[in-house]
Structure formats: C-alpha cells, structure tokens
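Student:
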Amino acid sequence: MGNEKGPSEADGFIACHGLWDAQQHSLVQDCLDRIQHEQITLIRLIWCDTHGITRAKAVTPQAFKSVLVNGYSIGAGSWSLDASGGRVFQTFTAGGGMGLSEMTGSPNLILVPDLTSFRLATWAPGVALVVCDDYFRDGRPFYFSPRHILRKALAPLVDRGITPLIGLEIEWTLMRLSDPGAITAPEINGPGQRGAPPACLPAEPGFSYDSET
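Residue numbers for the sequence shown follow our numbering, beginning at 12 and rising by one.
Right, dumping it as structure tokens:
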C-alpha cells in the first residue's frame with residue numbers, strides 16, 4: 012500500500028492552505044505503512060461537536076489516501092443539533108439560523124486528520140482512528156470546532172513557552188435500570204456497605220447523527 016500512487020499531495024487542499032506542519036507531513040508514510048502491516052480495513056475520521064460528542068465517518072484504506080491530500084467532506088448537520096440530537100438551528104435559512112452567511116444552506120466542511128492521533132481501535136479489530144480538525148472549504152478554521160477554539164485559547168501560553176497539562180474528570184454517566192422492579196438484596200447491601208451494581212442500559216438507545224459509536 013505504501014508504494015501505490017495516490018493523489019498529488021502538493022496540489023491538495025491540505026498543502027494549498029498550509030494546514031499541516033513538517034511533523035504531520037512526515038507521518039503520512041508511517042500511517043500508510045501501519046495500515047498495511049496491521050491489516051486495517053477501516054479508518055474512522057473523528058471530530059468533536061460543541062457538546063463534546065464524538066462523531067465519525069469511516070473510510071477504506073484506499074479512500075484514506077485521498078483524505079491525506081484533500082481532507083474529507085462532511086455536512087455541517089451535526090453542528091445544528093443539541094446534545095439529544097434535536098435540531099435547534101434552521102440551517103436551510105439565510106445565515107443558517109446562526110446569523111452567519113457561511114452557514115447558509117448547511118454547507119459542507121472539510122475534515123483534516125491530525126496524524127499524531129492515528130492509532131488502532133483496540134476494541135474493534137481491523138479499525139484505526141484519527142482525530143480531525145474542521146475547516147471551511149476556503150481553508151479557514153471552522154468557527155465552532157472545539158479543537159480550534161482550544162488551540163486559540165492556549166496560543167498565549169504557547170507563545171510564553173508554557174505547556175499546559177489538561178486532565179479530564181468524568182463525573183457520572185446517565186443510565187437506566189434494565190428492570191427497575193428487580194433490585195435484589197445484594198444490590199442494596201447493608202448500612203455503610205456498597206451494594207453490587209444493578210444491570211443497566213443506555214438512557215437513550217436511539218439513533219445519533221454521525222455518532223462515532
């Protein structure tokens with residue numbers, strides 16, 4: 012795979028807009044080699060919306076070669092939804108319901124992979140993951156991309172030579188009991204004693220647009 016001819020990197024969207032640094036360019040062949048050696052059959056292109064929900068598109072190794080040159084086109088639909096998947100912006104009106112001319116008509120955006128994040132999905136054999144940045148089709152960073160916003164917020168620290176360390180604390184996960192009427196004595200336990208966890212299900216098992224999972 013690494014020796015096959017693909018689209019010209021120099022003429023692509025990524026190169027034309029200068030969206031990769033030298034490190035990113037140097038990782039292209041490494042990613043292609045890993046895809047071949049690890050027998051990867053799908054690569055998930057992951058992005059994060061404003062609610063922190065990961066979304067993804069899966070592409071084949073052959074299609075990924077094009078992604079490494081021109082990025083991957085996605086609809087802006089996930090940016091018009093609330094955390095439950097309900098539409099809150101009228102994207103097919105002037106300004107996309109956001110007062111922004113660029114958002115009229117739910118335009119397509121371009122995902123550009125961050126190759127430093129390329130890794131195997133340990134829970135899904137034959138699948139790799141790569142986190143992406145979102146751009147308008149003219150190469151400008153997408154306004155609502157959490158990665159762009161965080162990068163901009165950290166820029167003053169980077170300019171001062173400060174490297175921030177950021178940790179994630181997950182407070183809780185909302186679930187529902189699989190059988191609310193079947194709580195048993197071991198699950199209740201005694202005073203001051205933690206009970207056994209009851210059987211649970213996701214709070215909402217329904218469809219989520221472009222969900223990574």
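Glycine residues also receive a C-beta, built at the ideal position from the N, C-alpha and C atoms.
Taking three-plus beta-carbon pairs below 8 Å as touching, is the region 160-178 in contact with the region 96-105?
Tutor: With a cut-off of 8 Å, the region 96-105 and the region 160-178 do not count as touching, because too few Cβ pairs lie within range.
Student: Should P152 and M186 be called a contact, given that it needs their Cβ atoms to be closer than 8 Å?
Tutor: Position 141 of the sequence shown, counted from the first residue, corresponds to residue 152. Position 175 of the sequence shown, counted from the first residue, corresponds to residue 186. Not a contact, by the Cβ cut-off of 8 Å.
Student: Identify whether P202 lies in helix, strand or coil by the three-state DSSP scheme.
Tutor: On the sequence shown, residue 202 is found 191 positions in, with the first residue counted as 1. In this structure, P202 counts as coil in the three-state DSSP scheme.
Student: Helix, strand or coil, according to DSSP, for M114 in the structure here?
Tutor: Within the sequence shown, numbered from 1, the residue matching residue 114 stands at position 103. Of the three classes helix, strand and coil, the one that applies to M114 here is helix, per DSSP.
Student: If you follow the beta strand (DSSP E) that Y144 is part of, which residue opens it and which one closes it?
Tutor: Taking the first residue of the sequence shown as position 1, residue 144 is located at position 133. Reading off the sequence shown, one finds Asp at residue 144, where the question assumed Tyr. Taken as a continuous stretch (DSSP letters only), the beta strand (DSSP E) holding D144 covers 138-146.
Student: With H, G and I counted as helix, E and B as strand and the rest as coil, what does DSSP make of I120?
Tutor: The residue you call residue 120 lines up with position 109 of the sequence shown. In the sequence under discussion, the amino acid at residue 120 is Leu, which differs from the Ile named in the question. It is a strand residue.
Student: Per DSSP, which one or two residues make a beta bridge with I64?
Tutor: Translated into positions along the sequence shown, residue 64 becomes position 53. DSSP output for I64 lists no bridge partner at all.
Student: Which whole-angstrom value is the C-beta distance of P208 and L188, which I expect to be below 8 Å?
Tutor: As a position in the sequence shown, residue 208 is number 197, starting the count at 1. As a position in the sequence shown, residue 188 is number 177, starting the count at 1. About 11 Å separates the two Cβ atoms, so there is no contact after all.
Student: Assuming E198 and G206 form a contact by the criterion Cβ under 8 Å, report the distance between their Cβ atoms to the nearest whole angstrom.
Tutor: Residue numbering aside, residue 198 sits at position 187 when the sequence shown is read from its first letter. Residue numbering aside, residue 206 sits at position 195 when the sequence shown is read from its first letter. E198 to G206, Cβ: 5 Å. Contact.
Student: Could you tell me the boundaries of the alpha helix (DSSP H) in which L161 lies?
Tutor: Numbered from 1 along the sequence shown, position 150 holds the residue referred to as residue 161. It spans 157-170 - the alpha helix (DSSP H) in which L161 sits, taken as one unbroken run.
Student: Assuming S128 and V141 make a contact with CB atoms under 8 Å, what is their CB distance in whole Å?
Tutor: The sequence position of residue 128 within the sequence shown is 117, counting from 1. The sequence position of residue 141 within the sequence shown is 130, counting from 1. With a Cβ gap of about 6 Å, S128 and V141 count as contacting.
Student: Going by beta-carbon coordinates alone, are N81 and F24 separated by less than 8 Å?
Tutor: Residue 81 sits at position 70 when you count from the first residue of the sequence shown. Residue 24 sits at position 13 when you count from the first residue of the sequence shown. Taking 8 Å as the Cβ cut-off, N81 and F24 qualify as a contacting pair.
Student: Assign L30 to one of three DSSP states: helix, strand, or coil.
Tutor: Translated into the one-based positions of the sequence shown, residue 30 becomes position 19. L30: coil per DSSP, three-state reduction.
Student: Let's test the definition: count the other Cβ atoms within 10 Å of the Cβ of A164 and tell me whether it reaches 16, buried, or not, exposed.
Tutor: For this step, residue 164 is matched to residue 153 along the sequence shown. By the 10 Å Cβ count, A164 comes out exposed.
Student: Have a look at L176 and D60 and give me their C-alpha separation to the nearest angstrom.
Tutor: In the sequence shown, counting from the first residue as 1, residue 176 sits at position 165. In the sequence shown, counting from the first residue as 1, residue 60 sits at position 49. Between L176 and D60, the C-alpha separation is close to 22 Å.
Student: Where do the ends of the alpha helix (DSSP H) carrying S77 lie?
Tutor: Locating residue 77 in the sequence shown gives position 66, where the first residue counts as 1. Where S77 is concerned, the enclosing alpha helix (DSSP H) stretches over 72-81.
Student: When we look at the beta-carbon of P124 and count the other beta-carbons within 10 Å, is it buried (16 or more) or exposed?
Tutor: The residue given as residue 124 occupies position 113 in the sequence shown. Classification of P124: buried, given that the 10 Å Cβ count is 16 or more.
Student: Between the Cα of V70 and the Cα atoms of I57, T184, P118, A33, which residue gives the shortest distance?
Tutor: Taking the first residue of the sequence shown as position 1, residue 70 is located at position 59. Among I57, T184, P118, A33, the Cα nearest to that of V70 belongs to I57.
Student: Rounded to whole angstroms, what is the Cα-Cα separation between H48 and G96?
Tutor: As a working note, residue 48 is residue 37 in the sequence shown. As a working note, residue 96 is residue 85 in the sequence shown. Each residue's Cα considered, the two are about 38 Å apart.
Student: I57 by DSSP, collapsed to three states: which one?
Tutor: Position 46 of the sequence shown holds residue 57. Strand, per DSSP.
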